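Q:
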Amino acid sequence: MTAKKVLSIIGLSILGILLLVAVLTSWYTVDESEQAVIITFGVANETIVEPGLHFKMPWPIQRAEVLSKETYSLQFGYSQDEDGEIVSFDKETKMITGDEYIVLTDLVVQWKITDPKKYLFNAEEPKEILHDATSASIRSIIGSSLIDDALTSGKAEIEAETRDLLASLIEKYDIGISVLAVKLQDVELPNEEVRAAFTNVTDARETMNTKINEARKYENQKRNEALGEKAAINSRAEGQKVARVEQARGDVAVFDKLFAEYEANPEVTRQRLILETLEIVLPNAKLYIMNDEGGTMKYWPLGDSQTLLPPAAETETGGDTDGNE
C-alpha cells in the first residue's frame, strides 16, 4: 500500500469522524423544566425556552448550555449528607443580635435562574455569590434585631427583611438569579442553660398572651352584651314614645269630640262630665242630691250615670209614704 492511499484513508477517516461529531452535536433537547443558551464561539446568543428537539451549528462552532427552570434551595448554616443526617456549621451561623446576645441562625433560601446569559457569564461562581450575600443579609438583620424578636414573635419580620435585603443585593450583582423566599430554620442560643432560661421566658410570654387574649374575649363579650341591652332599652323607649304619642293623639281626638258636644249642649255635657268623674273617683258610692230648702231629695246611683236620664225617684219631705223621713 502506497503512502498516498494511507493518507487518503486517514483523511477519509478524519472526515467521517468530523461528520459524525457534527451530526451528533447539531441536535439538543430541552425539557419543559429546562432552558438553554446557545453559545457561538464563546458568545451567548439566544435563550431557548421552548421544549422539544432543537437544531444548532455543530461543535465547536456552537454549543448549548441547558439549565433548569426549577426552584433551587440554598441551605445556609447546615447541610444534609446522603444518609439524611444534618451537619451544622456553627461558625457560619454564629451571630450577634442588636442587644449583644449570641445566637445560632440557619436558614433556607429559595431561588431560581431568571436570566441564563447573566448566570453563565456575569459571575464565575454565582452560587458562591448568593451564599455570601445571604450571610451578609442575615447578619445585618440579626444585628439590628433584639434577642426576644429573633427567638419568638419576630421571626416572620426577620425573614421578610432578610429576603428584601438579599434580593436587593442580588439585583445589584446582576448575576441572573431571583430570590423567591427566605425561611428561618432554627434560631437558638449556643449555651444550654441560657437556652433553658429563654425557654422559660418564652413560656411566660405565651401565657401572658393567652391571658391577654382571654381578657379581650371577655371584654368583647361584655361589650356586646351591653350594646345589646342598650339597643333593647332604646327599642323599648322608642316603642313607649310611639305609644305615648298615639295615646296623646287619641286623647286629643276624644277631647275635640267632647268639646264639639259641649258647644252643642253645654249644660248637659257639663253634668255628664261631673257624673262620669264622680263615678271614676267613687266607683262604689251612692249619690244623694238635696235642694237647698230640704224639701225634695233625689237619689241617683252612680252606676246609672252612663245614660243621661231623669232621677229614678223623688220623695217629698212632707209626704212620708213609707213612714220614714
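Residue 960 in this note's numbering sits at position 222 of the sequence shown, and the numbers go up by one each step. All C-beta atoms, glycine included, are put in the ideal place defined by N, C-alpha and C. Bear in mind the structure is a predicted one, so any value in this text is a computation, not a measurement.
#1: Helix, strand or coil: how does DSSP classify Lys850 here?
#2: For Lys794, count neighbouring C-beta atoms within 10 Å of its own C-beta (all shown protein chains included) and say buried if the count is 16 or more, exposed if not.
#3: On the DSSP bridge list, what partners appear for Gln773?
#4: Would you mind sorting Ile880 into buried or exposed? The rule is 16 or more other CB atoms within 10 Å of its CB.
#5: Flag this pair as yes or no: are the beta carbons of Phe827 and Ser811 separated by less than 9 Å?
#6: Considering only residues of the same chain and omitting the five flanking positions on each side of Asn783, which have a CB-CB separation below 6 Å?
#7: Return the chain-ordered ranges of every beta strand (DSSP E) run that is complete within the stretch 858 to 933 and spans a minimum of 3 residues.
#8: Buried or exposed for Thr945, please, with buried defined as at least 16 other CB atoms from any protein chain shown within 10 angstroms of its CB.
#9: Buried or exposed: which applies to Ile1012, given that a residue is buried once 16 or more other Cβ atoms fall within 10 Å of its Cβ?
#10: Give me the residue from His869, Val1019, Val768, Leu1016 with the minimum Cα distance to Val917.
#11: Measuring straight from C-alpha to C-alpha, what distance separates Glu1104 and Thr767?
#12: Between which residues of its own chain and Arg877 is the CB-CB distance below 7 Å, once the five residues before and five after are set aside?
#13: So with Cβ pairs under 9 Å, would you call Asn1022 a contact of chain D?
#14: Could you spell out the range, first to last residue, of the alpha helix (DSSP H) harbouring Glu830?
#15: Closest by CA to Ala774, which one among Val925, Thr852, Glu999?
#16: In angstroms, rounded to a whole number, what distance separates the CA positions of Ile786 and Lys865?
#17: Between which two residues does the alpha helix (DSSP H) containing Glu838 stretch?
#18: On the DSSP bridge list, what partners appear for Gly790?
#19: Does DSSP classify Asp844 as helix, strand or coil?
#20: Taking the straight line between their C-alpha atoms, what separation do you get for Tyr1000 and Leu1016?
A: This is what the structure holds:
#1: strand
#2: buried
#3: Leu805
#4: buried
#5: no
#6: Ile776
#7: 915 to 926
#8: exposed
#9: exposed
#10: His869
#11: This structure does not reach residue 1104, given that the chain is present from 739 up to 1063, and the question cannot be answered.
#12: Met833
#13: Structure shown: chain D not included; a single protein chain is present.
#14: 828 to 831
#15: Thr852
#16: 22 Å
#17: Counting along the chain, Glu838 falls outside any alpha helix (DSSP H), and DSSP gives it neither H nor E.
#18: Val768
#19: strand
#20: 18 Å
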